[in-house]
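Report on one structure; see the data block that follows.
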Amino acid sequence: MLLVVTYSRRARETLRNACRAHEETVVRKFGRAALLRETEYGAFLACRLRERHAADVQVERTKPFNEFADAPDAVREAAAAYENRESPSTPYDRFAAGTDHPESDAMREREL
Amino acid sequence: MSGRFDAVADTAVRLPDGSTRDGPIVDLRDVELGSSRGALDRVVCAGCPTTSGTLAVHSPPPQSIHRHVSPLTPATTLHHRAALAALAAARGVETPYDDDLRTARRSLRSATPAAVGVADLRTARRRAAEAGAETERLRERVATIRGRVNALRDADHGTSDDGLAEAEASLSETTRRLSEVATERVAAAQRLELLERNARSARDTRDARLRLEDRVGNLERAVRDARIAAVEDEFRAARRTVSARLSRTRSPDEAASNGVCDALAVARVAPIRAPVVVAPDLVGALGGPKSTHDVLDAPILVR
Chain A
2 MLLVVTYSRR ARETLRNACR AHEETVVRKF GRAALLRETE YGAFLACRLR
52 ERHAADVQVE RTKPFNEFAD APDAVREAAA AYENRESPST PYDRFAAGTD
102 HPESDAMRER EL
Chain B
25 MSGRFDAVAD TAVRLPDGST RDGPIVDLRD VELGSSRGAL DRVVCAGCPT
75 TSGTLAVHSP PPQSIHRHVS PLTPATTLHH RAALAALAAA RGVETPYDDD
125 LRTARRSLRS ATPAAVGVAD LRTARRRAAE AGAETERLRE RVATIRGRVN
175 ALRDADHGTS DDGLAEAEAS LSETTRRLSE VATERVAAAQ RLELLERNAR
225 SARDTRDARL RLEDRVGNLE RAVRDARIAA VEDEFRAARR TVSARLSRTR
275 SPDEAASNGV CDALAVARVA PIRAPVVVAP DLVGALGGPK STHDVLDAPI
325 LVR
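Structural data, given as structure tokens:
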């Protein structure tokens, strides 16, 4: 999908109007951002916004996150184990200490 | 001192024939002006100097409230909230949000968003896309030529050495270009990535500016609401006076519209120094020029 984020009142207003007028192309609206369908028309709207508001518009192309393909096993397993922990108040790093789960700092350093 | 001030504050109208009329009440009913009431009001707003031989109005400059109360006719309507907010502003009404609004506006003025190299980014995107497409094209071409070279080598006896040599030369040339273009592609991708990263951090300041813009917007609304609330009572009292005055001269069924009552009340409460243009039938309904001037507590041009 195309994620359009706006950074000024005018750009936000244009995006809102575009979303109102082209509901079929809008997957989801959030205050100042919207997800557009990945069709030529979605691209057309994104290009128009970029043309009109230049730096006040950010367009990203998104795709669904597949944790089995996009994240290392250790990360995925750590997340699952932490969410199923016994005591809800344990911070992650204390939970991970002394186990095979990766440290949070180490995960912050590594790009996917 | 006060007499002198009044003389300055008063309205003076210079007619196209060069004659002048002044005073808080200027009656232009008997003058052939050839311009509409709206045009006369625009002359009030335009002020002096003007070229001789044209209608000119010398008066203090109109405030923002002016456009809500001039010209006045029996058909006048009023943007109620906008007019009351302008009225309060003209009266110098202060609100608890004024300081915050001033501060927020100042911050917004000084918050110049970091520049995002829009043109550079666009160029980088285009280059990255072109380099990518060119790499794909050459990669396919290399595969094709390599296939031909292999076929020629396998077929060997039947073909001339020239054909094979030519194909091999073409393969090495295309392979060389592919490697060049692939290098360009990597460079273009890196440049694009760098610019995207810069743009992302520049957006942080734009993000802060947007929040500031929203804050200014919210404070403006709060100021407006507070201003309107501050003059509401006085406006209602003035409206009762105005409406009582109108009902003296008019039977209930031809009573002036709500709009004109509102506009008259706003004019009455507002500290008006630029003359208000009033239509003769409304002046009549209010009991004549003198009475109209008293009701509005403002200089008037009857037209």
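In order, the protein sequence lines correspond to chains A and B. Plus 1 on top of the position in the first sequence (first one is 1) and you've got our numbering. Plus 24 on top of the position in the second sequence (first one is 1) and you've got our numbering. Glycine residues also receive a C-beta, built at the ideal position from the N, C-alpha and C atoms. In this text the structure is predicted, and so the values were computed from the model without any measurement.
Check your understanding: Between the beta-carbon of Leu4/A and the beta-carbon of Thr63/A, is there less than 8 Å?
Key -> yes
Practice item. Closer than 8 Å by C-beta to Ser315/B: which residues in its own chain qualify, once you throw out the five before and the five after it? Chain order, please. Key: For Ser315/B, where only same-chain residues beyond five positions count, the Cβ hits under 8 Å are Arg269.
**Study point:** Cβ of Tyr8/A within 8 Å of any chain B Cβ
**Key:** Yes, Tyr8/A lies at the interface with chain B (some Cβ there is under 8 Å from its Cβ).
Check your understanding: DSSP three-state call for Leu216/B: helix, strand or coil?
Key -> helix
Practice item. Would you give the residue range spanned by the beta strand (DSSP E) that Lys30/A belongs to? Key: 27–31
**Study point:** Rounded straight-line distance, which links the Cα of Val93/B to that of Leu310/B
**Key:** The straight-line gap from Cα to Cα measures roughly 16 Å.
Check your understanding: Should Val247/B be flagged as near chain A, meaning a C-beta pair shorter than 8 Å?
Key -> no
Review point. Rounded to a whole number of angstroms, what is the C-alpha to C-alpha distance between Arg86/A and Ala107/A?
Key: 21 Å
Point to revise | Assigned exposure category for Phe259/B - 16 Cβ within 10 Å defines buried | key: buried
Review point. Between Ala112/B and Ala254/B, is the Cβ-Cβ spacing less than 8 Å?
Key: yes
Point to revise | Neighbourhood of Val140/B by C-beta distance below 6 Å, restricted to the same chain and skipping five residues each side | key: Ala223, Ala226
Check your understanding: To the nearest angstrom, how far is it from the Cα of Val89/A to the Cα of Ala82/A?
Key -> This sequence places Pro at residue 89/A; Val is not what is there. Computed Cα separation, rounded: 12 Å.
Review point. Should Asp34/B be flagged as near chain A, meaning a C-beta pair shorter than 8 Å?
Key: no
Check your understanding: List, in order along the chain, the chain A residues whose C-beta lies closer than 8 Å to that of Arg230/B?
Key -> Tyr8, Ser9, Ala56, Asp57
**Study point:** Under 7 Å by beta carbon: chain A residues contacting Arg227/B
**Key:** Near Arg227/B (Cβ distances below 7 Å), the residues of chain A are Tyr8, Gln59.
Review point. What do you get for Thr168/B, buried or exposed, if any count of 16 or more other CB atoms within 10 angstroms of its CB means buried?
Key: exposed
Exercise for review: Tell me whether the beta-carbon of Ala12/A lies closer than 8 Å to the beta-carbon of Leu46/A.
Suggested key: no
Practice item. Measure the Cβ-Cβ separation of Glu39/A and Met2/A and say whether it is below 8 Å. Key: yes
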